[in-house]
Amino acid sequence: MKGSTHRRCYCRDAETGKPLGKKCPKLTSRKHGSYSVRQELPPRADGTRRSFSRAGYESLKAAQADLDHIRALLGLADTDDSEGLDQIAELLEKVADEKAPLPDIEATRRRLSHGLDLTSRLTVGEWLDIWLAGKKGRQSAISRDESNIRVHLQPRIGHVRLDRLRVTHLSEMFEAIAEANVEIAEGNAARRKAFEDLAQIAWKGREPRARRKAMKAAIAEMDPYRRIVGPATRQRVRSTLRAALNAAIAQQLITFNPAAHVELEAGRRPKALVWTEERILHWKRTGEKPSPVMVWTPEHTGLFLDHVAEDRLYALFHLVAFRGLRRGEACGQRWTDTNLDAGLLTVAKQLVVNGWEVYEDDPKTDAGARTIALDSDTVQALTRHRAQQDKDRKEWESAWVETGRVFTRENGELLHPANVTRRFIELHEELGLPPIRLHDLRHGAATLAHAAGAGLKDIQEMLGHSSITITSDTYTSLLPEADLAIAEAAARLVPRARATPENTVPEAEAEPDDAESADAEAVPDGADPLGKIREINSPSAHAPLTQTAPDEKSEAE
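Under my numbering, the first residue of the sequence shown is numbered 161, with each subsequent residue one higher.
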């Protein structure tokens, strides 16, 4: 196919105003005018001709380089590959119309060999909208992806062309998020300090009132409290983008997924810690929790359950504390899946919160659909709860809403999971217990089962985890009493030729009576299992259920 370069200028005849073209006398100078290229392209399907033309080159060398570039692009397709030639011709037509740079030869070769659309100008933002609109799955997962796209991906990389997205773009995006975290932390600290200063200003007096008014106006202009985008959230943002780009590869829009190659800090799951006496004292002094995930001791759990024994949701809290159901699973539990005579409960449905809307869904994982054995106390709690529900049904008569759920509102309507969480916080704050989340009762159930001798596989099945790694790394903690017993048992395994000075006691004290010995082993000197929460004259009614001392065999195991 023919192609050429030529030089022209835009000088006009002074009298007629017509372009001089090649008759311009100044064309004898190489610096006058500019060079242009023209290349014939493969004809259209209807046989009409088309060509690529571009002007404005300052030198013949630059014009010839672009002409050679165009011919190299045309040479990517075989002469008998009419479809490939047509794609390249359409690409060059679009480049000429948009006055865009000529496409890279190797990139075009790869896209052509993979059957990708050469003329696509789809941006990352446009593709994310298309992908999200067609995504299927759990509504909670779709909502999370929508949030990641709206908050992080669209504002930062939505303008980038999909086929030109690189790892550097993503590295810069996550660096910008880290920098924004610093600004968020500083803004939160400034707002917190302003509220502290406001609390120090007196209420009475003209001057204090003026200061309070000025301080409130300053606080109103500050940014609201915002959450830091932590490592786990950044991992989820990358996961959303990686899934969307994998779908683009499947649609032959791109050939490379940069989200799979960007390096990020690992989002580690926080380890559950037990509220020991030392940790409670630290929390009281500083207000800081040692870990985002905290677990009550058996004594704390017993105190809480005693305190809420007359509450409408007592049976729900009891069930979560001992058998480890998720909040949504407990709220969605049906009587048809609960066999109190056999002491078995089947988790088949859950209530999921999306925004504030509540809908029914299957359990979180395949392993979440499980059957759990119920202890006798839990069966009794559920039996009493069922009797109270039957009484409520009679009182409400025709106004009763039949949902078939184990736990409902007074009129039988579904419980909103967020309201259950709110009620749990109110109840444990009334008692002055160290703070935990409702979900941490589930961690506590795993810890209690572990202390009672249950294996990790048993705990995994009870909690409905898909992986035993999650159970061992996150959900099980060692109670202080069990930890001390293990340490003592390990120390006794080493034979000693003579007693150490620390272990030497006067002969008169070497043989205490049996009762004193048992008491000394049960409660170490100076230990306060309640963390000085309050004085207790009698043990919790739930203590025998949660504080059974292991026998010698279980200690050895």
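Virtual Cβ for every residue (Gly too), placed ideally from N, Cα, C. Since the model is a prediction, treat every value here as computed from it, not as a measurement.
Proximal residues to residue i (C-beta, below 6 Å), its chain only, five neighbours per side dropped
| i | result |
| --- | --- |
| Ala432 | Val453, Val455, His603 and Ser637 |
| Lys509 | Gly492 and Glu520 |
| Trp291 | Ala404 and Ala407 |
| Leu476 | Ala490 and Phe567 |
| Leu601 | Val480 and Ala481 |
| Lys162 | Glu200 |
| Arg168 | Gly193 |
| Phe584 | Leu598 |
| Ala174 | none |
| Ala249 | Leu201 and Pro202 |
| His166 | Ser196 |
Cβ shell of residue i (< 7 Å), same chain only, five flanking positions each side left out
| i | result |
| --- | --- |
| Val718 | Given a span of 161 to 717 for the chain in the structure shown, any question on residue 718 remains unanswerable. |
| Leu575 | Cys491, Phe567, Thr568 and Arg569 |
| Asn406 | Asn417 |
| Pro106 | The requested residue 106 is not part of the displayed model; the chain covers only 161 to 717. |
| Val327 | Pro418, His421 and Val422 |
| His545 | Ala475 |
| Asn341 | Ile388 and Val389 |
| Ala225 | none |
Cβ neighbours of residue i in the same chain (closer than 8 Å, five flanking residues each side left out)
| i | result |
| --- | --- |
| Lys376 | Leu358 |
| Trp556 | Glu570, Asn571 and Gly572 |
| Ser280 | Leu322, Asp323 and Leu413 |
Nearest-angstrom Cβ-Cβ length linking residue i and residue j, presumed shorter than 8 Å
| i | j | result |
| --- | --- | --- |
| Leu140 | Leu325 | With the chain running from 161 to 717 in the structure shown, residue 140 is simply not present. |
| Ser194 | Ala215 | 6 Å |
| Ala419 | Ile388 | Actually they are not in contact, since the Cβ atoms of Ala419 and Ile388 sit about 22 Å apart, beyond 8 Å. |
| Phe464 | Leu598 | Their Cβ separation, rounded to whole angstroms, is 11 Å, which puts Phe464 and Leu598 out of contact at 8 Å. |
| Ala223 | Leu272 | So it is not a contact: roughly 25 Å between Cβ atoms. |
| Thr543 | Leu500 | 6 Å |
| Ile317 | Thr400 | That pair is no contact at about 12 Å. |
| Glu253 | Arg198 | With 8 Å as the limit, Glu253 and Arg198 do not qualify as a contact, their Cβ atoms being about 13 Å apart. |
| Tyr170 | Ser196 | At roughly 12 Å, the Cβ-Cβ gap does not stay under 8 Å, so Tyr170 and Ser196 are not in contact. |
| Asp725 | Leu587 | Given a span of 161 to 717 for the chain in the structure shown, any question on residue 725 remains unanswerable. |
| Val580 | Leu653 | At roughly 47 Å, the Cβ-Cβ gap does not stay under 8 Å, so Val580 and Leu653 are not in contact. |
| Val507 | Ala529 | 6 Å |
| Gly285 | His319 | 7 Å |
| Ala611 | Arg483 | 15 Å between Cβ atoms; not a contact. |
| Asp577 | Val539 | For the sequence presented, residue 577 should be read as Pro rather than Asp. Contact flag wrong, Cβ pair sits at about 24 Å. |
| Arg304 | Asp633 | Actually they do not touch by this definition, with Cβ atoms about 22 Å apart. |
Three-state class that DSSP yields for residue i in the structure shown
| i | result |
| --- | --- |
| Ile388 | coil |
| Arg324 | helix |
| Thr506 | strand |
| Pro672 | Confidence in Pro672 is poor, its pLDDT being 47 and thus under 50, which makes the residue's placement too unreliable to answer from. |
| Met375 | helix |
| Glu356 | helix |
| His319 | coil |
| Thr568 | strand |
| Thr165 | strand |
| Asp257 | helix |
| Asp383 | coil |
| Ala308 | In the sequence on display, residue 308 carries Asn and not Ala. Helix at Asn308. |
| Glu423 | coil |
| Asn725 | Residue 725 lies beyond the range of the chain shown here (161 to 717); nothing can be said about it. |
| Ala682 | Confidence at Ala682 is low in this model, with a pLDDT of 43, below 50, so its placement is unreliable and the value that follows should be read with caution. Helix, per DSSP. |
| Gly216 | strand |
| Asp521 | strand |
| Leu433 | strand |
| Leu575 | coil |
| Thr415 | coil |
| Thr239 | coil |
| Thr283 | strand |
| Lys364 | coil |
| Leu278 | coil |
| Arg298 | coil |
| Asp246 | helix |
| Arg428 | coil |
| Asp526 | helix |
| Leu262 | coil |
Stretch-stretch touch, CB-based, cutoff 8 Å, three pairs: the segment 554 to 569 with the segment 479 to 496: With three or more CB-CB distances shorter than 8 Å, the segment 554 to 569 counts as touching the segment 479 to 496.
Can you check the segment 579 to 660 for any alpha helix (DSSP H) of at least 4 residues that lies completely inside it and give the ranges in chain order? DSSP assignment within the segment 579 to 660 yields the following whole alpha helix (DSSP H) runs of 4 residues or more, N-terminal first: 598 to 611, 616 to 623 and 640 to 652.
Answer yes if the segment 337 to 347 comes into contact with the segment 381 to 395, meaning at least three C-beta pairs across the two stretches below 8 Å, and no otherwise. Contact holds: three or more Cβ-Cβ distances are below 8 Å.
Is it the case that the segment 232 to 240 contacts the segment 251 to 271, given that we only count it when at least three CB pairs across the two stretches are under 8 Å? Output reads yes: the segment 232 to 240 touches the segment 251 to 271.
If you scan the segment 169 to 214 from start to end, which runs of the beta strand (DSSP E) of 3 or more residues do you find wholly inside it? Fully enclosed beta strand (DSSP E) runs of no fewer than 3 residues occupy 194 to 201 of the segment 169 to 214, in order along the chain.
Enumerated in chain order, which unbroken segments of the beta strand (DSSP E) with a length of 3 residues or greater are wholly contained in the segment 439 to 508? List check, beta strand (DSSP E) in window: 504 to 507.
Along the chain, which unbroken stretches of the alpha helix (DSSP H) at least 4 residues long are found entirely within the segment 528 to 565? Entirely contained in the segment 528 to 565, the alpha helix (DSSP H) runs reaching 4 residues are, in chain order, 536 to 556.
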